[in-house]
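Just so we're aligned, residue 5 is where the sequence shown starts under the working numbering, counting upward by one.
This report refers to the structure that appears directly beneath it.
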Amino acid sequence: MGDDPEGVAIVNITTGQGTFSREGGDFRLEVAVEDTVRFTALQYQEFSVIIDQGVIDTGQLIVTISESITELPEVVVSPLDLSGNVEVDVMRIPTETTNLPDSSAAEIEDTDWDFRPDDQTSPQNAAMRNTMIFSGNARNFGNIFRHIFTSRSRSAVSNTGSAPERRLSNIDDEIQNLYNDGFFIKNLDIKKENIHEFIFFAEDNGLTSEMLKEENEIELIRFLLEQSERYKNQ
Numbered sequence: 005m006g007d008d009p010e011g012v013a014i015v016n017i018t019t020g021q022g023t024f025s026r027e028g029g030d031f032r033l034e035v036a037v038e039d040t041v042r043f044t045a046l047q048y049q050e051f052s053v054i055i056d057q058g059v060i061d062t063g064q065l066i067v068t069i070s071e072s073i074t075e076l077p078e079v080v081v082s083p084l085d086l087s088g089n090v091e092v093d094v095m096r097i098p099t100e101t102t103n104l105p106d107s108s109a110a111e112i113e114d115t116d117w118d119f120r121p122d123d124q125t126s127p128q129n130a131a132m133r134n135t136m137i138f139s140g141n142a143r144n145f146g147n148i149f150r151h152i153f154t155s156r157s158r159s160a161v162s163n164t165g166s167a168p169e170r171r172l173s174n175i176d177d178e179i180q181n182l183y184n185d186g187f188f189i190k191n192l193d194i195k196k197e198n199i200h201e202f203i204f205f206a207e208d209n210g211l212t213s214e215m216l217k218e219e220n221e222i223e224l225i226r227f228l229l230e231q232s233e234r235y236k237n238q
């Protein structure tokens, strides 16, 4: 063998016997006339030799092997006018401008859509929500309800009309003057259309003037949080 092909597998297909070539390409294998000997290796092309009488007479088989070349399929890169600069080529990619809706967050929130939780909705963390109310918004939270109810108490005598009408009119005025509907929706999870009804519900279920005192801030907040859950579950 040529080019020092060590480690080539040599098998007598006829008898099933085999061996490997040693350093220098030498090998020993028992053969007879008409036997088929196969030569295989990863780096060389596979081939077979049929033994004739001349090999038997000389006791030698001289073969020449050639390296196997694996030709890969052609790879075509297109388009052909790429500059090779990523930033430049990206800027040349055609894009399409879409007409996105020109609506504000307030307009979207003003709709009456009611989105129900599904398997993609994150669970609400009630403990975290309560902590945020107590830590960041406690004073505003308590002051809003304190102002609403104390103002209604002072003005109830001077208003005309039935008691329910006076209550609703006072509540409407106080809510508009103090805070937007987002306060009740975000902090108490009360729907916009149910805010008035919830305030009446809280008053009818134990809200006292004692709770409206500034020193009872935490008690008032806890009461309103509990009442919001009761209201939603009724």
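Using N, Cα and C, we set each Cβ at its ideal position, and we do this for glycine too.
Taking 8 Å as the cut-off, does the CB of residue i come closer than this to any heavy atom belonging to the ligand MN?
| i | result |
| --- | --- |
| ASP39 | Among the components modelled here there is no ligand, and therefore nothing to report on the ligand MN. |
Using CA atoms only, rank isn't needed, just tell me which of the options is closest to residue i.
| i | options | result |
| --- | --- | --- |
| ASP39 | GLU230, GLN21, GLU214 and LYS236 | GLN21 |
| ILE199 | ASP208, PHE188 and GLU207 | PHE188 |
| GLU230 | GLU207, VAL35 and SER213 | GLU207 |
| ALA45 | MET215, VAL12 and LYS190 | VAL12 |
My guess is that residue i and residue j are in contact by the Cβ rule of under 8 Å, so how many angstroms apart are they, rounded?
| i | j | result |
| --- | --- | --- |
| GLU50 | ARG26 | So it is not a contact: roughly 20 Å between Cβ atoms. |
| ILE17 | ARG42 | 6 Å |
| TYR48 | ILE14 | At roughly 12 Å, the Cβ-Cβ gap does not stay under 8 Å, so TYR48 and ILE14 are not in contact. |
Give the straight-line distance between the Cα atoms of residue i and residue j, rounded to the nearest whole angstrom.
| i | j | result |
| --- | --- | --- |
| PHE1 | ILE97 | The structure shown does not extend to residue 1, since the chain is modelled only from 5 through 238, so no value can be given for it. |
| GLU201 | GLU233 | 14 Å |
| ILE54 | LEU76 | 32 Å |
| GLU71 | GLY29 | 14 Å |
| GLN238 | GLU219 | 30 Å |
| ILE222 | GLU197 | 27 Å |
| THR62 | SER52 | 19 Å |
| THR19 | LEU33 | 11 Å |
| MET215 | LEU192 | 18 Å |
For residue i, which residues in the same chain have their Cβ closer than 6 Å to its Cβ, ignoring the five residues on either side in sequence?
| i | result |
| --- | --- |
| PHE31 | ILE14, THR23 and SER25 |
| PHE205 | TYR235 |
Among residues of its own chain, excluding the 5 on either side of residue i, which ones have a beta-carbon nearer than 8 Å to its beta-carbon?
| i | result |
| --- | --- |
| ILE245 | There is no way to answer for residue 245, as the model of the chain reaches only from 5 to 238. |
Ordered along the chain, which non-local residues of its own chain (more than five positions away) have a Cβ less than 7 Å from that of residue i?
| i | result |
| --- | --- |
| ILE60 | VAL37 |
May I have a chain-ordered list of the alpha helix (DSSP H) segments no shorter than 4 residues that lie completely inside the region 9-80?
Taken in chain order, the complete alpha helix (DSSP H) segments of 4 residues or longer contained in the region 9-80 are 57-62.
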